[in-house]
Amino acid sequence: FRVLAIENEYIRATFNPDTGFLTEIRNKDKNLLLPVNQSFFWYGASSGDLESWQTSGAYIFRPEGRKPYPVSHYAQIRLVKTPLVQELHQNFSAWCSQVVRLYQGQRHLELEWTVGPIPVGEGWGKEVISRFDTPLKTNGLFYTDSNGREILQRKRDYRPTWELDLWEPVAGNYYPVNTRIYIKDRNMQLTVLTDRSQGGSSLGNGSLELMVHRRLVKDDGRGLQEPLKENGSGLVARGRHLVLLDRVGEAAAGHRLLAEKEVLAPQVVLAPDGGALYHPQ
Amino acid sequence: SGNCAPLNEAMAVLQHHDAVTGTARQLVAEDYARQLSEGWGPSEVLLSNALARLSGSKKTFTFCRDLNISICPLSQKSASFQVILYNPLGRKVDHMVRLPVSKSSFHVKDPSGQTVPNSVVVVPSAEPQEHYPELVFSASVPALGFSIYSVTKISHQKPSIPLPNSISRKFRSR
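Protein chains in written order, with the working numbering: chain P, 20 to 300; chain L, 40 to 213.
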């Protein structure tokens with residue numbers, strides 16, 4: 020396979036056949052092409068250092084370094100193509116996998132991630148992220164929603180109302196993402212919708228990341244007196260990121276409607292065949 | 040009788056930042072889960088009653104709480120069943136239905152009796168010889184309304200399931 024791709028009438032997603040990672044998204048409808056490298060990384064949780072005793076914990080996100088470690092340098096992949104859906108199953112490690120999915124007629128790319136149980140046996144807490152790297156010239160700007168309604172512009176290493184002296188360059192740039200985060204340049208906008216509240220940031224131009232799961236081995240000393248570490252082997256988390264690539268001027272219409280559809284998705288109920296007539300009395 | 044008050048109350052309790060961010064102790068987190076779970080049951084009864092009244096047909100409605108991990112005993116074991124979709128949005132929605140099934144082919148009909156195209160996708164698992172088929176079809180649901188689709192297993196046909204194994208082997212060899 021020289022070209023590894025899934026596509027429908029609106030979107031084409033291309034993958035590197037050697038690594039199995041997403042490399043490019045094309046919006047066929049609007050003739051937009053964006054190289055996108057998406058993969059999973061983890062930050063090692065700080066257990067305190069010479070600067071501060073503060074450890075990463077339930078309340079505090081404090082990675083021990085600026086650069087996260089890749090979960091894997093390649094993914095084992097399986098490709099499934101049917102007339103209604105095309106999927107690429109990526110297996111990054113024993114505890115991290117993802118299905119990249121395109122349904123017929125769908126204008127967004129669906130990334131269903133499964134992360135956990137996060138191994139912490141060697142004594143390192145881990146905070147796992149999904150990161151999208153693009154060549155978009157974002158000049159340190161990215162956008163997150165604060166409460167599911169208002170989108171706020173965020174600027175890396177900056178606060179609008181005071182002069183910032185940032186000691187924690189990763190955590191200090193993380194913001195709440197309730198339904199969406201996006202980056203853009205003059206022409207294109209890459210939007211990622213979440214199915215739950217997560218932390219997110221853009222720590223480099225053209226980059227966008229969301230924290231999907233975390234498991235920590237130390238208490239952060241904020242009153243909880245327990246590390247954020249589930250009983251037994253730990254939890255498996257599964258969720259979805261919906262990715263939209265659009266022109267800047269038209270992106271809002273797309274992500275607003277899609278977010279509504281995601282948050283107020285149809286309720287599915289099953290019933291065996293048959294049944295009696297229902298009389299309200 | 041159905042009742043959504045316990046779920047309302049559980050949701051109210053879970054507005055606390057501990058429940059939203061995970062800053063609760065493990066025992067408290069488990070109690071949040073218990074409250075949600077106990078609230079969900081009577082809400083399902085309420086929804087079943089509403090659906091029976093709206094559709095004019097009393098059925099044993101089943102809610103598949105483990106759909107996200109591809110578990111739904113009714114769709115996996117029944118030869119025929121109905122899929123009822125309620126759309127809370129104020130506009131028509133096209134929704135891709137995805138249900139775990141047993142390995143077979145299926146006939147899906149929309150509310151007007153028309154055949155709906157469907158696919159059975161095999162989902163690979165961590166176990167080498169285990170694959171979980173999922174039925175996929177597109178459903179259309181009116182604004183603030185519901186649609187009923189019927190699904191019937193066709194047992195005499197060979198399933199037209201794509202075989203991910205054959206493809207994945209090629210990738211592994213790279």
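Cβ coordinates follow ideal geometry from the N, Cα and C atoms, glycine included. Remember, predicted model here, so these are calculated numbers, not experimental data.
Let me check understanding here. Comparing Cα to Cα, which of the options lies closest to residue i?
i                      : options                       : result
residue 131 of chain L : P/93, P/277 and P/71          : P/277
residue 156 of chain L : L/162, L/144 and L/163        : L/144
residue 166 of chain P : P/235, P/224 and P/194        : P/194
residue 109 of chain P : P/23, P/187, P/76 and P/47    : P/23
residue 50 of chain L  : L/71, L/62, L/152 and L/40    : L/71
residue 222 of chain P : P/243, P/173, P/261 and P/182 : P/173
residue 191 of chain L : L/185, L/119, L/80 and L/96   : L/119
residue 129 of chain P : P/136, P/288 and P/118        : P/118
residue 148 of chain L : L/176, L/84 and L/135         : L/176
residue 42 of chain P  : P/66, P/49 and P/93           : P/93
residue 295 of chain P : L/135, L/52 and L/94          : L/94
residue 185 of chain L : L/174, L/40 and L/91          : L/91
residue 136 of chain P : P/113, P/127, P/155 and P/125 : P/113
residue 36 of chain P  : P/156, P/107, P/151 and P/124 : P/107
residue 226 of chain P : P/149, P/78, P/290 and P/82   : P/149
residue 290 of chain P : L/115, L/123, L/193 and L/133 : L/123
residue 254 of chain P : L/55, L/69 and L/173          : L/69
Suppose contacts are defined by Cβ-Cβ distances below 8 Å. Is residue i in contact with residue j by that definition?
i                      : j                      : result
residue 61 of chain P  : residue 90 of chain P  : yes
residue 153 of chain P : residue 209 of chain P : yes
residue 138 of chain L : residue 111 of chain L : yes
residue 115 of chain P : residue 139 of chain P : no
residue 185 of chain P : residue 198 of chain P : no
residue 196 of chain P : residue 217 of chain P : yes
residue 106 of chain L : residue 182 of chain L : no
residue 262 of chain P : residue 44 of chain P  : yes
residue 147 of chain P : residue 260 of chain P : no
residue 159 of chain L : residue 109 of chain L : no
residue 47 of chain P  : residue 30 of chain P  : yes
residue 245 of chain P : residue 64 of chain L  : yes
residue 178 of chain L : residue 140 of chain L : no
Any beta carbon from chain L within less than 8 Å of residue i's own beta carbon?
i                      : result
residue 99 of chain P  : yes
residue 286 of chain P : yes
residue 203 of chain P : no
residue 78 of chain P  : yes
residue 216 of chain P : yes
residue 104 of chain P : yes
residue 290 of chain P : yes
residue 257 of chain P : yes
residue 295 of chain P : yes
residue 122 of chain P : yes
residue 243 of chain P : yes
residue 320 of chain P : Residue 320 of chain P is absent from the structure shown; chain P starts at 20 and stops at 300.
residue 237 of chain P : no
residue 280 of chain P : yes
residue 274 of chain P : no
Is it right to say residue i is buried, meaning 16 or more other beta carbons lie within 10 angstroms of its own, or is it exposed?
i                      : result
residue 154 of chain L : exposed
residue 211 of chain L : With a pLDDT of only 40 at residue 211 of chain L, under the threshold of 50, the placement of this residue in the model should not be trusted; the figure read from the coordinates follows. So residue 211 of chain L counts as exposed.
residue 102 of chain P : exposed
residue 265 of chain P : buried
residue 179 of chain P : exposed
residue 46 of chain L  : buried
residue 99 of chain L  : exposed
residue 248 of chain P : buried
residue 69 of chain P  : exposed
residue 57 of chain P  : buried
Considering just the uninterrupted stretch of the alpha helix (DSSP H) at residue i, what are its terminal residues?
i                      : result
residue 48 of chain L  : 44 to 52
residue 57 of chain P  : Segment 51 to 63 is the beta strand (DSSP E) holding residue 57 of chain P; no alpha helix (DSSP H) there.
residue 272 of chain P : 270 to 282
residue 60 of chain L  : 56 to 60
residue 114 of chain L : 112 to 116
I want to see whether chain P comes within less than 8 Å of residue i, judged by CB atoms only; does it?
i                      : result
residue 134 of chain L : yes
residue 99 of chain L  : yes
residue 188 of chain L : no
residue 110 of chain L : no
residue 125 of chain L : yes
residue 74 of chain L  : no
residue 157 of chain L : yes
residue 59 of chain L  : yes
residue 53 of chain L  : no
residue 36 of chain L  : Chain L is shown from 40 up to 213; residue 36 of chain L falls before or after that span and cannot be answered.
residue 175 of chain L : yes
residue 121 of chain L : yes
residue 84 of chain L  : no
Starting from residue i, trace the beta strand (DSSP E) both ways and give me its first and last residue.
i                      : result
residue 71 of chain L  : Segment 65 to 94 is the alpha helix (DSSP H) holding residue 71 of chain L; no beta strand (DSSP E) there.
residue 127 of chain P : Where residue 127 of chain P is concerned, there is no enclosing beta strand (DSSP E), given that its DSSP letter is neither H nor E.
residue 164 of chain P : 160 to 164
residue 92 of chain P  : Looking at the DSSP string, residue 92 of chain P is not in any beta strand (DSSP E), and its letter there is neither H nor E.
Taking 7 Å as the cut-off, is the beta-carbon of residue i closer than that to any non-hydrogen atom of the ligand FAD?
i                      : result
residue 212 of chain P : Questions concerning the ligand FAD fall outside what the structure shown contains, since it holds no ligand whatsoever.
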